[in-house]
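Notes for the one structure printed next.
Next up, the structure:
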């Protein structure tokens with residue numbers, strides 16, 4: 001199907017952290033698929049309402065009403081991914097987050113828009129209790145995504161289907177957000193799922209990597225702990241978010257690409 005409009009809602013994943021920076025903003029998989037969609041139909045427009053760090057209730061309250069006002073029908077593709085930040089919180093309450101997520105999906109689908117949802121990778125290579133807690137929480141989160149997605153006829157991009165994003169080299173230095181090659185891989189997978197032109201070799205695994213000496217690994221771990229984990233924990237303790245004070249990249253649908261955007 002040829003989409004005339006893309007509206008993307010969510011958090012840092014959809015905002016584009018930590019892809020390459022274009023015109024002062026992260027590019028991200030949403031910009032990347034917008035580039036291709038714009039080539040397929042004249043008059044294509046794109047809105048990206050996502051803001052890093054947002055919890056599901058914030059996305060639902062701040063972004064969904066805006067998105068609904070711009071939907072014109074099935075030819076509008078709405079991508080929705082929220083709740084992962086909730087799952088990562090120590091005080092996560094699935095009995096609140098999962099129904100709220102499902103309600104938002106139903107509301108979007110009721111407009112007649114084409115809906116695209118995402119699951120989260122459950123097995124990341126993390127060991128011990130941390131890895132098991134991650135897998136357990138996101139396993140239930142993903143089951144909710146699949147259930148409501150099937151109910152409304154949404155397209156579901158399942159990160160666990162082929163394990164193609166399990167390579168840590170798809171992650172930025174913070175070990176949480178996708179880097180440039182990670183966003184490109186997500187974009188190509190989405191383009192194939194949407195029936196749009198895509199790179200046929202996107203599934204190819206990355207080249208084998210030599211083993212890293214324990215001393216170098218220790219240095220990397222220490223740098224990550226100081227640079228990323230401690231600041232993240234400090235923000236949580238103070239009730240702060242990386243998205244505080246930030247505004248969406250494109251709060252309303254704009255002609256895409258813009259005059260300052262190069263099609264890649």
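Residue numbers (UniProt numbering): 1 to 264. Glycine included, each C-beta is placed from N, C-alpha and C at the ideal position.
> Taking just the CA atoms, how far does residue 214 sit from residue 43?
Replying inline: 54 Å
>> My assumption, with CB atoms under 8 Å, is that residue 116 sits in contact with residue 157. Please give the rounded CB distance.
In response: 7 Å
> Applying the criterion that 16 or more other CB atoms from any shown protein chain within 10 Å of the CB defines a buried residue, is residue 263 buried or exposed?
Replying inline: Summary for residue 263: the model assigns pLDDT 47, below 50, so the residue's position carries little reliability, and this model does not support an answer.
>> Whole angstroms are fine: how far does the CA of residue 196 sit from the CA of residue 53?
In response: 30 Å
>> Using DSSP's beta-bridge definition, name the partner residues of residue 16.
In response: Residue 16 pairs with nothing; no bridge assigned.
> If you drop the 5 nearest sequence neighbours on each side, which residues of the same chain put their C-beta closer than 7 Å to that of residue 188?
Replying inline: 198, 199 and 202
>> Helix, strand or coil, according to DSSP, for residue 253 in the structure here?
In response: strand
> Quick one: what does DSSP say residue 227 is sitting in, helix, strand or coil?
Replying inline: helix
> residue 21 bridges to which residues according to DSSP?
Replying inline: 26
>> Using 8 Å as the threshold, is the C-beta distance between residue 83 and residue 141 below it?
In response: yes
> With C-beta atoms as the reference, is residue 33 less than 8 Å away from residue 191?
Replying inline: yes
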